[in-house]
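J.: Sharing a structure with you now.
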Amino acid sequence: MTPLLELEDVEARYGPVRALHGVSLSVGEGEVVAVLGGNGAGKTTTLRAISGLVSTAGEVRFAGERISRASPERVARAGIAHVPEGRGLFNELSVYDNLRLGAFLQRSGFDEDYERVRAHFPWLEDRRDQQAGTLSGGEQQMLAIARALMARPRLLLLDEPSLGLAPLVVREIFAILGDLNEKEGLAVLVVEQNAKLALRSSSRAYVLEVGRVALEGPSAELAENESVRKAYLGY
Amino acid sequence: MTQFLQQVVAGLASGSIYALLALGIVIIYRSTGIVNFAQGEMATFTTFVAWTLVDHGVGYWGAFALTLVIAFAGGIALERTIVRRVEGGPVITAVILTIGLFILLGGLSNWIWKAEVRSFPPDRPFPTSAWDVGGVAISKQDAGILAVTVVLVLALWALFQLTKLGLALRASALNPTASRLVGIRVGWMLALGWGLAAALGAVAGLFTAAANPPLDPNMMRPVLIYALAAAVLGGLESPVGAIVGGLAIGVVLNLIVTYDTHVHLDLDRMRIPMAFLAILIVLLVRPAGIFGRTAVRRV
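Sequence order for the protein chains is G and C.
Quick note on my numbering: the first sequence kicks off at -4 and runs consecutively.
Quick note on my numbering: the second sequence kicks off at 175 and runs consecutively.
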């Protein structure tokens, strides 16, 4: 079976600086895959390369379609929702308008999508008229995920959802993600610094080092790996 | 008091022209971060297009409507072909580009239509008579200009606040990257902003010509300065500010002319320096303008 998302030898550069040196990875249908690595390893760039936010060489295929060098708009249309670094909310707009923008490509079925998303984030309804920028960090992260879900994606790209959040909130967010994956079969590619959590919530993982895949395998095995433990788990 | 009210009404009419041009400047500034110095010359150019249409036998209001469509398409074309190349780059490049467009379009208008005096509009688009409202004479032309402005502003408000397209336009201005990630074609939204601004400018140009005949290739130069002052006064980011700023400048200028019986400011010479003074004071005292946004945000 061909995977849902496949990167083959993807390179990416910011001007003259090469950030990815041939990354290959894949995400299967309904699979949760984690990407680990330190600062500057190329985690965020990998997601940006998939979404077309950075110029790339190499092949990116999604659901049988070639999306290398496609614009972010086209990648979104193909069914990939990207929650970027810093969450990418429209801070000045209301919670509700943010969700409406998430559903921008959907011609109908807004109410159903809203109900579906609200089932995971019940507090959204009480805050629907609040400016997104005034939510707490955890709420902002949840709104960013909720907005991504409004697009009915087949694949969710998540850039460091745990960044700057309290452990309790992080656990809540990952519980919801697990739920989405189990109940709705949503495939997730998550980039994380919090390796312990990422390995626990994913079935497979990749470790990036200076723009290359240094290690890959089932998350449970990587969690036992000596060098992963030393470098990323700290024991 | 009657005279005062009368001058206020007349000031509101000229102020609404500044407001329309300022609104165009704000729409472009919000979406692309570019101050479009060519806004006035774009308006002049399209007004001459209207003159050409009328010259070829199209009725005034028909030419008016057609010109808006042409201006809208022209604004979009300008953004897609030229302006997009400097978007997201250094501000100074964009400034030089719009000043270049200012000179280029001004030159084009002078070249195509020669710098000769033309009577336009051929007939007064609004009746020349006036209404008497409690002793205050309100010219039908002033009322007409104000009415069209109000309708345009309401239509724009509805577009931006009530439609999905408007939401996409606002989103593109606030966060282009996030907008692209939800599937909005941000490039086209910016182009649409230029189209709307050009159409607003066309109305300002047509009304400037109607209020101060004859038609003159340099007619929008002072109007641009007032519009810039209006936009800065209201806050470059604020459409409401542009409208209030434009109206305020129109009224204040008119009142100064009426009541300045001591200093005898040579207004034809002093208007523009005063507009610049207003810009300077606002930038020094309150750079965000009166209606500038102070974004509330938690991190």
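Cβ atoms here follow ideal geometry from the backbone N, Cα and C, with glycine treated the same way.
How many Å lie between R258 of chain C and R64 of chain G at the Cα?
T.: Position 84 of the second sequence, counted from the start, is the residue given in the question as residue 258 of chain C. Position 69 of the first sequence, counted from the start, is the residue given in the question as residue 64 of chain G. Looking at the two C-alpha atoms, the distance is approximately 19 Å.
J.: Residues of chain C with CB closer than 9 Å to the CB of R61 of chain G, please, in chain order.
T.: As a working note, residue 61 of chain G is residue 66 in the first sequence. The premise fails here: R61 of chain G is roughly 18 Å from chain C at the closest Cβ pair, so nothing lies under 9 Å.
J.: Over what stretch of residues does the alpha helix (DSSP H) that includes V260 of chain C continue unbroken?
T.: Counting from one through the second sequence, the residue named residue 260 of chain C turns up at place 86. Run containing V260 of chain C: none; DSSP gives neither H nor E here.
J.: State the CB to CB distance for the pair Y231 of chain G and L20 of chain G, rounded to an integer number of angstroms; the pair is presumed to be in contact (CB under 8 Å).
T.: Outside the displayed range of chain G (-4 to 230) lies residue 231 of chain G, so it cannot be described from this structure.
J.: Would you report the Cα separation of K225 of chain G and L217 of chain G, rounded to the nearest angstrom?
T.: The residue given as residue 225 of chain G occupies position 230 in the first sequence. The residue given as residue 217 of chain G occupies position 222 in the first sequence. The straight-line gap from Cα to Cα measures roughly 11 Å.
J.: What are the boundary residues of the alpha helix (DSSP H) that G280 of chain C is part of?
T.: If you number the second sequence from 1, residue 280 of chain C lands on position 106. G280 of chain C -> alpha helix (DSSP H) spans V265 to W287.
J.: Could you spell out the range, first to last residue, of the beta strand (DSSP E) harbouring H16 of chain G?
T.: Translated into the one-based positions of the first sequence, residue 16 of chain G becomes position 21. Where H16 of chain G is concerned, the enclosing beta strand (DSSP E) stretches over V12 to V22.
J.: On the criterion of 16 or more Cβ atoms from any shown chain inside 10 Å, does P391 of chain C qualify as buried, or is it exposed?
T.: Here residue 391 of chain C corresponds to residue number 217 of the second sequence, with the count starting at 1. With 16 or more other Cβ atoms within 10 Å, it is buried.
J.: Grouping DSSP H, G and I as helix and E and B as strand, with all else coil, what is I312 of chain C?
T.: The count along the second sequence starts at 1 and reaches residue 312 of chain C at position 138. DSSP places I312 of chain C in strand when its eight states are reduced to three.
J.: Mind checking who D474 of chain C pairs with in its DSSP beta bridge?
T.: Residue 474 of chain C is absent from the model: chain C starts at 175 and stops at 473.
J.: Using a C-beta to C-beta distance shorter than 8 Å, which residues of chain G count as neighbours of I358 of chain C?
T.: Working through the second sequence from its first residue, we reach residue 358 of chain C at position 184. Within chain G, the residues near I358 of chain C are E68, L96 and F99.
J.: Look at G206 of chain G and G47 of chain G and say whether their C-beta atoms are less than 8 Å apart.
T.: Stepping through the first sequence from its first residue, residue 206 of chain G is reached at position 211. Stepping through the first sequence from its first residue, residue 47 of chain G is reached at position 52. Contact: no.
J.: Using the beta-carbon of each residue, which ones in chain C are nearer than 9 Å to P79 of chain G?
T.: Locating residue 79 of chain G in the first sequence gives position 84, where the first residue counts as 1. The contacting residues are T351, A352 and L355.
J.: Compare the beta carbon distance of A143 of chain G and V90 of chain G with 8 Å and say whether it is the shorter of the two.
T.: The residue given as residue 143 of chain G occupies position 148 in the first sequence. The residue given as residue 90 of chain G occupies position 95 in the first sequence. Contact: no.
J.: State the Cα-Cα distance for the pair L203 of chain G and L192 of chain G, rounded to the nearest angstrom.
T.: In the first sequence, counting from the first residue as 1, residue 203 of chain G sits at position 208. In the first sequence, counting from the first residue as 1, residue 192 of chain G sits at position 197. In a straight line, the C-alpha of L203 of chain G is about 17 Å away from that of L192 of chain G.
J.: Would you decide whether L31 of chain G is buried or exposed? Buried here means 16 or more other CB atoms lie within 10 Å of its CB.
T.: Reading the first sequence from its first residue, position 36 is the one you call residue 31 of chain G. The residue in question, L31 of chain G, is buried, as its Cβ has 16 or more Cβ neighbours within 10 Å.
J.: CA-CA distance, A146 of chain G and V49 of chain G?
T.: As a working note, residue 146 of chain G is residue 151 in the first sequence. As a working note, residue 49 of chain G is residue 54 in the first sequence. Distance between the alpha carbons of A146 of chain G and V49 of chain G: 22 Å.
J.: Do we get a CB-CB distance below 8 Å when we pair S46 of chain G with the residues of chain C?
T.: Taking the first residue of the first sequence as position 1, residue 46 of chain G is located at position 51. Yes, contact with chain C.
J.: Measuring straight from C-alpha to C-alpha, what distance separates S205 of chain C and L194 of chain C?
T.: In the second sequence, the residue the question calls residue 205 of chain C occupies position 31. In the second sequence, the residue the question calls residue 194 of chain C occupies position 20. S205 of chain C and L194 of chain C: Cα-Cα distance of roughly 17 Å.
J.: Could you work out which residue in C:V418, C:G214 and C:G367 is closest to F246 of chain C when comparing CA atoms only?
T.: As a first step, residue 246 of chain C must be located in the second sequence, where it is residue number 72. For F246 of chain C, the nearest C-alpha among the options comes from C:G367.
J.: Secondary structure at E155 of chain G, three-state DSSP: helix, strand or coil?
T.: Walking along the first sequence from the start, residue 155 of chain G turns up at place 160. Looking at E155 of chain G - three-state DSSP - the assignment turns out to be coil, as it is neither helix nor strand.
J.: Mind the definition here: the stretch 68 to 77 of chain G touches the stretch 351 to 363 of chain C only if three or more C-beta pairs lie below 8 Å; say whether that holds.
T.: The stretch 68 to 77 of chain G, when compared against the stretch 351 to 363 of chain C, does touch it at the 8 Å Cβ threshold.
J.: Name the DSSP bridge partner or partners of R56 of chain G?
T.: Indexing the first sequence from 1 puts residue 56 of chain G at position 61. G:E1 and G:R61, per the DSSP bridge assignment.
J.: From G198 of chain C to A372 of chain C, what distance separates their C-alpha atoms?
T.: Here the question's residue 198 of chain C lines up with position 24 in the second sequence. Here the question's residue 372 of chain C lines up with position 198 in the second sequence. Straight-line Cα distance between these residues: approximately 7 Å.
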